[in-house]
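Remarks on the structure that follows.
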Amino acid sequence: MTVIVSPGGAIDPGAAPARSTRATLRRNFWRGVWRVLRRKPSRMAGVVIVAVFALMGVAGPLLYPAQLPRDDNALYAAPSLAHPFGTDFEGTDVLALVITGARYVLLTGLATAVITVALGTLIGLVAGFHRGRWDTLLMRLTDMNLAIPGLPLLLVLSTVWKFESPLEMGLVLGILGWGGIARAVRSQTLSLRERGFIEAARGLGLPTRHIIGRELLPSMAPYIAMNMLIAVTGAVYAQVGLFFLGVLPFESNNWGVMLNLAVFNGGALTTPAALPYLLAPLIAILLLTLGIVLIVDAMDEIFNPRLREE
Amino acid sequence: MTAHTAARHPAARDIEARDIAAPGVRIRDLTVVYKTPSGELPAVRGVDLTLAPGTITGVVGESGSGKSTLALSLLNAVQPPGRIAAGTVEIDGLGDVLTLRGEDLRRARGSQVGYVFQAAQNSLNPLKTIGKQLLDLGRSHDVADLRALVRDAKDLLARMGMDGARVLDSYQHELSGGMRQRVGIMLALALNAKVVVLDEPTTALDMITQATILRIIREVHEERGLTTLVITHDVGAVAEVADSLAVMYGGRVVEHGPVTEVLGDAHHPYTQGLIRAIPRLTGDLSLARALPGRPPTLGTLPTQGCVFRERCERRLEVCETDEPMAVNRDGRTVACHATDRHLTLVKRKEFV
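Sequence order for the protein chains is V and C.
Counting with my numbering, you get residues 392 to 701 for the letters of the first sequence.
Counting with my numbering, you get residues 2 to 353 for the letters of the second sequence.
As structure tokens, then:
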């Protein structure tokens, strides 16, 4: 039998299923993420650090009784096996304080990041894509947001608002902080909307919602994800700072409260006894920042298919 | 194999059956202005152009002559600060595109009028595979049978000499410039658009790829019964594919006629100049003479009289004051005082 192999033979329908299965595997997003993370050990370290903190936030307070045990015989005890970071002025284990305090800090950070990024991205996208009147209006709003002095406002707010819930704190920090991201996203949008593929999408009759959500947004995803992670660290600094300054009541366990007590009550800057009490929350903040920065390093490669491939 | 071939054939016949009537396109008195600090300046002014059903029309002209703006008007896609100030663009089966708004306009794009963009090799989303983009296109036009769409796309790609499955599974960076250009053509045709606009389809491609693309345009055009508009500044490319040729200068169509006649016996001094400027393959390179002067920009365009007069060697006094009318003579449209000097005034009419 003569088999005529036409040029169309390459797209023999029988061969298609096998091909596309392999293709789906190759395109699997999470496999790409895994490969990118594995490429540098530092990224894995970042993921591990952030995962440990996340675990602390979720499970930390469950590991200890609601009222942490005190040991009156061991005030400001030096680091030991039982108390790796020593104890505080009441004889409470510092490590336990750091672990139980993580939830408030991380929840605030997360809430702030989500609000900042959601508001900033939305406003930046709309302003940049539609330009004209909307742009002017939204950017003046952004200017106003940027002009609000955050710390003084928080100081004033704290006199009337106790910020008992981390979400309240996150809401306020988020509403104060979206300006920068909105501006940055707008400028990215302005540049991207002139690119060929956006013009082509418009010419092929794709709806505007699709163009903004599915064509523009993914191109900015690494940038936005990066900003989101950095917003977490920003929020951590801001709230820890507020608690450290003592402008917020010490009703909840918090790293900032620890810092405040260590410095102003324990005299950690003058006597070495309270030093571990001061260092523990500092190291926690430092590690969290480090973990996030290490992950940010992988963002661009995760979202760019060109870099994601082997 | 035999079974597959047999199975594919009826589908191929279906495509042919669908494609009997190519639509005609009639552009009438089209004016597109751009808002600038010195007021609204016309990039396209009073253009009449008819694309006969089932033909390929080439539009040539220097940069800034309004070619791309004209092409975008066919989609009613002129972006601010541009604005279509006047005129109509009628497409058979669609009506006046310029009156379409919102959802109707969006649906017309892609499904009725396919557009291959200038530098189509850059008009693919770098973050998505071609197949994903094809599906996006299908979904936003409510294509019921996405499998059929993919199958059609694969056939089209195979038609253009590529392995459809592989291409659909690729990101744009995994394809060469010529392949991307063909993918752009595929996306413009995937929804079975009958009017296809190609904006500089061969720019920035090497000679071999250019020739391939031109051949593909010609073949697909005939196979699918399209009405095609090819925008280019490459007279050689246009001579290869087009049936009729429109020459634009300063936002006007100065000459329009069958491609062999326009190139073989140009009437308008600008067309003559363009042809003289083409370097020959054989003979002395210095025989190619550049047009004197520089192409007008929106700002330097004369507001009255002939737009070409400053670079024209056959300038007359009347050129300073009166804009030449497009007159139809021997089946061609020419807008020039010098060429119709000896004729009695002919009724304004354009080549069809």
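From the three backbone atoms N, C-alpha and C, an ideal C-beta is built for every residue, glycine too.
The structure displayed is predicted, hence computed values, not measured ones.
Can you confirm whether C:S112, when its beta carbon is compared against all beta carbons of chain V, has any partner nearer than 8 Å? As a first step, residue 112 of chain C must be located in the second sequence, where it is residue number 111. Interface with chain V (8 Å Cβ-Cβ cutoff): C:S112 is included.
Closer than 8 Å, CB to CB, is C:A172 near chain V or not? Along the second sequence, read from residue 1 onward, the residue named residue 172 of chain C stands at position 171. Note on identity: in this sequence residue 172 of chain C is Tyr, with Ala being the wrong assignment. Look at C:Y172: its C-beta is under 8 Å from a C-beta on chain V.
Grab me the residues of C:H338's own chain with a C-beta within less than 8 Å of its C-beta, minus the 5 sequence neighbours each way, in chain order. By one-based count along the second sequence, residue 338 of chain C stands at place 337. Within the same chain, C:H338 has close Cβ partners C307, L317, V319, C320, D323, P325.
Got a sec? Which residues, its chain only, sit under 7 Å from C:A238 by beta carbon, not counting five neighbours each side? Along the second sequence, read from residue 1 onward, the residue named residue 238 of chain C stands at position 237. For C:A238, where only same-chain residues beyond five positions count, the Cβ hits under 7 Å are T203, Q211, L215.
Pop quiz: V:N695 and V:Y495 are said to be a contact at Cβ under 8 Å. What is the actual Cβ separation, rounded to whole angstroms? Counted from its first residue, the first sequence places residue 695 of chain V at position 304. Counted from its first residue, the first sequence places residue 495 of chain V at position 104. Incorrect: roughly 36 Å between the Cβ atoms, too far for contact.
Check this for me: beta carbons of V:G477 and V:A469, under 8 Å apart or not? As a first step, residue 477 of chain V must be located in the first sequence, where it is residue number 86. As a first step, residue 469 of chain V must be located in the first sequence, where it is residue number 78. In this structure, V:A469 lies closer than 8 Å to V:G477 by Cβ.
Reference C:R152; option with closest CA among C:D143, C:G162, C:A166, C:H142: Here residue 152 of chain C is taken as the residue at index 151 of the second sequence, counted from 1. In terms of CA proximity to C:R152, C:A166 leads the group C:D143, C:G162, C:A166, C:H142.
Close beta carbons around C:V144, own chain, < 6 Å, minus the five adjacent residues each side: The residue you call residue 144 of chain C lines up with position 143 of the second sequence. Excluding positions up to five away in sequence, the list reads L150.
In whole angstroms, what separates the C-alpha of C:T117 from that of V:L583? Mapped onto the second sequence, residue 117 of chain C falls at position 116. Mapped onto the first sequence, residue 583 of chain V falls at position 192. Correcting the residue identity first, residue 117 of chain C is Val in this sequence and not Thr. Our two residues, C:V117 and V:L583, have alpha carbons roughly 19 Å apart in a direct line.
Just mark C:R290 as buried or exposed, buried being the case when its beta carbon has 16 or more other beta carbons within 10 Å. In the second sequence, counting from the first residue as 1, residue 290 of chain C sits at position 289. It is exposed - the Cβ of C:R290 has fewer than 16 other Cβ atoms within 10 Å.
Contact check, C:L138 vs C:L188 under 8 Å by CB: the rounded distance? Here residue 138 of chain C corresponds to residue number 137 of the second sequence, with the count starting at 1. Here residue 188 of chain C corresponds to residue number 187 of the second sequence, with the count starting at 1. Yes, C:L138 and C:L188 are in contact; Cβ-Cβ is about 6 Å, under 8 Å.
Could you pull out every residue in the same chain whose Cβ sits closer than 6 Å to the Cβ of V:G568, ignoring the five residues on either side in sequence? Taking the first residue of the first sequence as 1, we reach residue 568 of chain V at position 177. Here the set comprises T507.
Can you tell me the Cα-Cα spacing of V:T599 and V:G523, whole angstroms? On the first sequence, position 208 is the one that residue 599 of chain V refers to. On the first sequence, position 132 is the one that residue 523 of chain V refers to. Roughly 16 Å between the two C-alpha positions.
Against chain V, does C:F118 count as a neighbour if the rule is that its beta carbon must be under 8 Å from one of theirs? As a working mapping, residue 118 of chain C is identified with position 117 in the second sequence. Chain V, which has a Cβ nearer than 8 Å to the Cβ of C:F118, makes this yes.
Buried or exposed: which applies to V:S471, given that a residue is buried once 16 or more other Cβ atoms fall within 10 Å of its Cβ? The residue given as residue 471 of chain V occupies position 80 in the first sequence. Classification for V:S471: exposed.
At a cut of 8 Å, does the region 65 to 82 of chain C reach the region 241 to 253 of chain C through at least three beta carbon pairs? yes
Residue environment, C:Q80, which counts as buried when at least 16 other CB atoms sit within 10 Å: Taking the first residue of the second sequence as 1, we reach residue 80 of chain C at position 79. Taking all protein chains shown into account, C:Q80 has fewer than 16 neighbouring C-beta atoms within 10 Å of its C-beta and is therefore exposed.
Please check if any C-beta of chain C sits within less than 8 Å of the C-beta of V:L426. Sequence index remark: in the first sequence, residue 426 of chain V carries index 35 (1-based). Looking at the sequence provided, one finds Arg at residue 426 of chain V rather than Leu. Not one chain C Cβ lies under 8 Å of V:R426.
For a quick check, are the C-beta atoms of C:G115 and C:H142 less than 8 Å apart? As a first step, residue 115 of chain C must be located in the second sequence, where it is residue number 114. As a first step, residue 142 of chain C must be located in the second sequence, where it is residue number 141. For C:G115 and C:H142, no; Cβs fall outside 8 Å.
Quick one: is C:M208 buried, meaning 16 or more other Cβ sit within 10 Å of its Cβ, or exposed? The residue given as residue 208 of chain C occupies position 207 in the second sequence. So C:M208 ends up on the exposed side.
Would you mind stating whether C:L75 and C:V90 have Cβ atoms separated by less than 8 Å? Here residue 75 of chain C is taken as the residue at index 74 of the second sequence, counted from 1. Here residue 90 of chain C is taken as the residue at index 89 of the second sequence, counted from 1. In this structure, C:V90 lies closer than 8 Å to C:L75 by Cβ.
So, using beta-carbon positions, are C:A53 and C:G94 closer together than 8 Å? On the second sequence, position 52 is the one that residue 53 of chain C refers to. On the second sequence, position 93 is the one that residue 94 of chain C refers to. The answer is no: Cβ separation not under 8 Å.
List, in order along the chain, the chain C residues whose C-beta lies closer than 7 Å to that of V:R605? Mapped onto the first sequence, residue 605 of chain V falls at position 214. Per Cβ cutoff of 7 Å: D137.
Tell me which residue opens and which closes the beta strand (DSSP E) that C:T233 is part of. Numbered from its first residue, the second sequence carries residue 233 of chain C at position 232. Looking at the DSSP string, the run of the beta strand (DSSP E) that includes C:T233 is 228 to 233.
Which class does C:P202 belong to by DSSP, given the choice of helix, strand or coil? The residue you call residue 202 of chain C lines up with position 201 of the second sequence. C:P202 falls in the coil class under three-state DSSP.
Which class does V:M447 belong to by DSSP, given the choice of helix, strand or coil? Position 56 of the first sequence, counted from the first residue, corresponds to residue 447 of chain V. V:M447 falls in the helix class under three-state DSSP.
For chain B, is any of its Cβ atoms less than 8 Å away from the one on C:A145? Any reference to chain B falls outside this structure, whose protein chains are V and C.
Would you say the region 50 to 67 of chain C touches the region 214 to 231 of chain C, given that touching needs at least three Cβ pairs under 8 Å? yes
Can you round the beta-carbon distance between V:V427 and V:R699 to whole angstroms, since I take them to be within the 8 Å contact cut? Here the question's residue 427 of chain V lines up with position 36 in the first sequence. Here the question's residue 699 of chain V lines up with position 308 in the first sequence. Their Cβ separation, rounded to whole angstroms, is 6 Å, which keeps V:V427 and V:R699 in contact under 8 Å.
When you compare each of C:T51, C:I28, C:A86 to C:L42 by their alpha carbons, which one comes out closest? Indexing the second sequence from 1 puts residue 42 of chain C at position 41. Considering only alpha carbons, the answer is C:A86.
For C:E41, which of helix, strand or coil comes out of DSSP? Sequence index remark: in the second sequence, residue 41 of chain C carries index 40 (1-based). In the displayed model, C:E41 falls within a strand according to three-state DSSP.
Exposed or buried, which one is C:T298 when buried takes at least 16 other CB atoms within 10 Å? For the purposes of this step, residue 298 of chain C is identified with residue 297 of the second sequence, where counting begins at 1. The residue is exposed, with fewer than 16 neighbouring Cβ atoms inside 10 Å.
Are C:N77 and C:V98 closer than 8 Å when you measure CB to CB? In the second sequence, the residue the question calls residue 77 of chain C occupies position 76. In the second sequence, the residue the question calls residue 98 of chain C occupies position 97. Taking C-beta atoms as the reference points, C:N77 and C:V98 count as a pair closer than 8 Å.
Within 8 Å, strictly: CB atoms of V:A518 and V:L529: Within the first sequence, the letter at position 127 stands for residue 518 of chain V. Within the first sequence, the letter at position 138 stands for residue 529 of chain V. Contact flag set, yes.
Residues in the same chain with beta-carbon distance under 8 Å from V:F634, minus the five sequence neighbours each way, listed in chain order, please. Residue mapping note: residue 634 of chain V aligns to position 243 of the first sequence, counting from 1. The answer, listed in chain order, is F641, N645, W646, G647, V648, L650, N651.
Which residues does DSSP list as the beta-bridge partners of C:G258? Counted from its first residue, the second sequence places residue 258 of chain C at position 257. In DSSP, C:G258 forms a bridge with C:L246.
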